[in-house]
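Below: one structure, written as structure tokens.
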Amino acid sequence: MRKNLGPVPVDAFLALVLTGLSMATLVAEHAPGTDLLAYGLTVLTAAPLVLRQRAPMITMTIIMVALMVYPALGYGGWPNSGVAMVIGMFTVATLRSRKAATVMYLASLAVAVVAYLTFPTPLYWSEIVQFALVMAAAWVVGGSTCRWAQRVERLAKSAGEAVTQERVRIAREMHDIVTHHMSVISLQAGLAEYVLDTDPSTARTAIATVGDASREALSEMRRLLDVLRTDHDRDQEADYRPQPGLAVLEELVARTRAAGLTVGLQVTGEFRPLAAGPDLCAYRMVQESLTNVLKHAGPARACVEVDYGALTLSITVTDDGTKNREDHLAPGSFGIRGMRERAELYGGVLTAGPCSTGGFRVMLRLPLDETDTAVREKV
């Protein structure tokens with residue numbers, strides 16, 4: 051719910067104008083018996099509006115009491131038209147609960163009845179009905195404003211949550227892209243430097259791999275950061291390739307082999323196109339796992355097993371590295387945590403840990419639902 055309806059100086063100006071008009075009316079009428087108390091009550095029929103946003107219930111209560119006491123003490127009719135009470139009703143309906151607004155509306159009707167009984171010139175019932183309708187209108191408009199403000203806040207909150215989720219997604223994607231390709235580039239650059247004088251052919255191959263890996267990294271980052279571009283920018287440059295998936299898994303394995311890691315790939319079951327989200331999830335899991343082997347396993351061989359089951363896609367990446375990688379299972383390990391969060395996002399499960407015979411294993415299970423079947427049939 052909104053905290054206020056506008057700048058406080060506006061309320062002060064409004065209270066000053068209404069109070070000034072009321073005082074001017076009182077002075078112009080020169081009613082007999084007008085004393086300091088009458089002037090004080092007149093001030094209280096409008097001046098409290100300066101506090102209407104901080105204390106709307108108290109503000110309206112003071113105004114109503116002043117409007118009831120003024121004619122009851124024999125000073126005549128109201129010193130103003132009661133517009134301050136209408137504003138007070140609107141404010142209560144906007145900033146407070148429906149129950150509070152109902153109480154204030156009923157209280158305003160009681161004020162009208164007291165005025166009917168105490169005014170020197172009796173009011174017509176039609177005037178009271180008219181007053182009740184005006185107060186009801188203020189109540190309804192205020193309630194509508196309240197609901198509109200609540201809806202705006204809900205939308206703003208939803209938008210903020212969406213932005214946060216998108217930032218997390220981008221951070222996860224960026225981590226996967228940068229760590230994999232930079233690992234390949236670092237290893238190949240080191241190899242090229244080592245054999246530059248003794249084996250120029252191998253050095254050239256390594257340098258070419260560095261170029262390919264850097265171009266692939268730049269391409270993937272451009273596609274990822276495209277979500278931050280404006281529609282106009284997308285119209286100017288909309289030729290990016292789609293996000294990678296299991297269809298290009300062999301290319302990922304080939305690049306990893308070129309980086310110096312022995313990798314085996316085994317696919318069982320019938321290959322099927324997946325929905326974009328789960329497909330990218332599976333690809334990133336393999337990419338991150340192979341990157342971790344390159345960076346942390348030491349001399350090792352890795353094996354990627356992909357199984358297309360009837361209802362589940364299972365992927366296992368195993369290596370026989372000898373280095374201890376317990377630190378990668380810690381809560382602060384962004385790579386494993388990112389893979390697990392991505393899997394959970396699509397209803398999957400990811401486990402990671404050392405093998406009993408040595409090495410490390412990462413396993414992913416993703417459900418293959420009707421969405422993936424529909425994608426396959428469409429293709």
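Take 51 as the starting number for the sequence shown in this note's numbering and just add one per residue.
Virtual Cβ for every residue (Gly too), placed ideally from N, Cα, C.
From a predicted model like this one, the values you see are computed outputs, not experimental measurements.
- Message: For a quick check, are the C-beta atoms of Val313 and Val354 less than 8 Å apart?
- Response: yes
- Query: Looking only at its own chain, which residues have a Cβ that is under 8 Å from the Cβ of Met19, when we skip the five neighbours before and after it?
  - Reply: The structure shown does not extend to residue 19, since the chain spans only 51 to 429, so no value can be given for it.
- Message: Suppose you measure from the CA of Asn342 to the CA of Lys207; what does that come to, to the nearest Å?
- Response: 37 Å
- Query: From Ile178 to Thr171, what does the alpha carbon distance come to, in whole angstroms?
  - Reply: 13 Å
- Item | Cα-Cα separation, Ala352 to Ile227 | 20 Å
- Query: On the premise that Ile112 lies in contact with Cys94, defined as a C-beta separation below 8 Å, what is that separation, rounded to the nearest angstrom?
  - Reply: Reading off the sequence, residue 94 comes out as Leu, not Cys. The Cβ separation is near 6 Å, so the contact holds.
- Item | Pairwise C-alpha distance: Arg146 and Arg197 | 11 Å
- Task: Taking only the alpha-carbon atoms, compute the straight-line gap between Val67 and Leu99 and give it to the nearest angstrom.
- Result: 11 Å
- Below 8 Å between beta carbons: does that hold for Ala405 and Thr368? Sequence check: residue 405 is Cys here, not Ala. In contact: Cys405 and Thr368 (Cβ atoms closer than 8 Å).
- Query: Are Tyr120 and Pro129 touching if we call contact CB-CB under 8 Å?
  - Reply: One thing to note: Tyr120 has its Cβ within 8 Å of the Cβ of Pro129.
- Item | Proximity to Leu76 [Cα-Cα], best of Asp249, Ala326, Ile235, Tyr125 | Tyr125
- Message: Given a cut-off of 8 Å on the beta-carbon distance, is the pair Val356 and Leu302 in contact?
- Response: no
- Query: Just the Cα atoms here: how many angstroms apart are Gln215 and Gly295?
  - Reply: 22 Å
- Query: What residue from Arg217, Val142, Asp249, Glu223 has the CA that sits closest to Ser194's CA?
  - Reply: Per the Cα distances, Val142.
- Would you tell me roughly how many angstroms separate the C-alpha atoms of Gly359 and Gln238, rounded to the nearest one? Going from the Cα of Gly359 to the Cα of Gln238 covers about 37 Å.
- Task: Return no unless some Cβ of chain C is closer than 8 Å to the Cβ of Val163.
- Result: Of the protein chains in the structure, only one exists, and it is not chain C.
- Message: Below 8 Å on the Cβ atoms is my contact criterion, and I expect Asp370 with Gly319 to pass it. Report the Cβ-Cβ distance as a whole number of Å.
- Response: In fact, because the Cβ distance is near 25 Å, the residues do not count as touching under 8 Å.
- Message: Comparing C-alpha positions only, which one of Lys345, Arg305, Val245 sits nearest to Lys373?
- Response: Lys345
- Task: Quick one: grab the DSSP three-state call for Pro349.
- Result: Here Pro349 sits in coil by DSSP.
- With a Cβ-Cβ cutoff of 8 Å, do Leu414 and Leu395 count as a contact? no
- Put Gly403 into one of helix, strand or coil per three-state DSSP. strand
- Message: Is it buried or exposed, Leu299, if we count other Cβ atoms within 10 angstroms and call 16 or more buried?
- Response: buried
- Item | Burial state of Gly382 (16 or more Cβ within 10 Å) | Low confidence applies to Gly382: its pLDDT is 49, below 50, so where it sits in the model is not reliable, and the reading given next is rough at best. Sixteen is the threshold: since fewer than 16 other Cβ atoms of the shown chains lie within 10 Å of the Cβ of Gly382, the residue is exposed.
- Item | Whether His231 touches Ser264 by CB criterion (8 Å) | Yes, Cβ-Cβ distance for His231 and Ser264 is below 8 Å.
- Measure from the alpha carbon of Leu123 to the alpha carbon of each residue in Glu203, Val164, Arg411, then state which is nearest. Val164
- Is Ala326 near Gln293, with beta carbons less than 8 Å apart? yes
- Message: Check this for me: beta carbons of Thr362 and Pro323, under 8 Å apart or not?
- Response: In this structure, Pro323 does not lie closer than 8 Å to Thr362 by Cβ.
- DSSP state of Pro129 mapped onto helix, strand, coil: coil
- Message: Check for me: the alpha helix (DSSP H) holding Gly210 runs from which residue to which?
- Response: Bounds of the alpha helix (DSSP H) holding Gly210 are 175-245.
- Message: Once the 5 residues before and after Asp61 are set aside, which same chain residues still bring their CB inside 7 Å of it?
- Response: Excluding sequence positions up to five before and after Asp61, its CB lies within less than 7 Å of the CB of Leu99, Val100, Arg102, Gln103, all in the same chain and listed in chain order.
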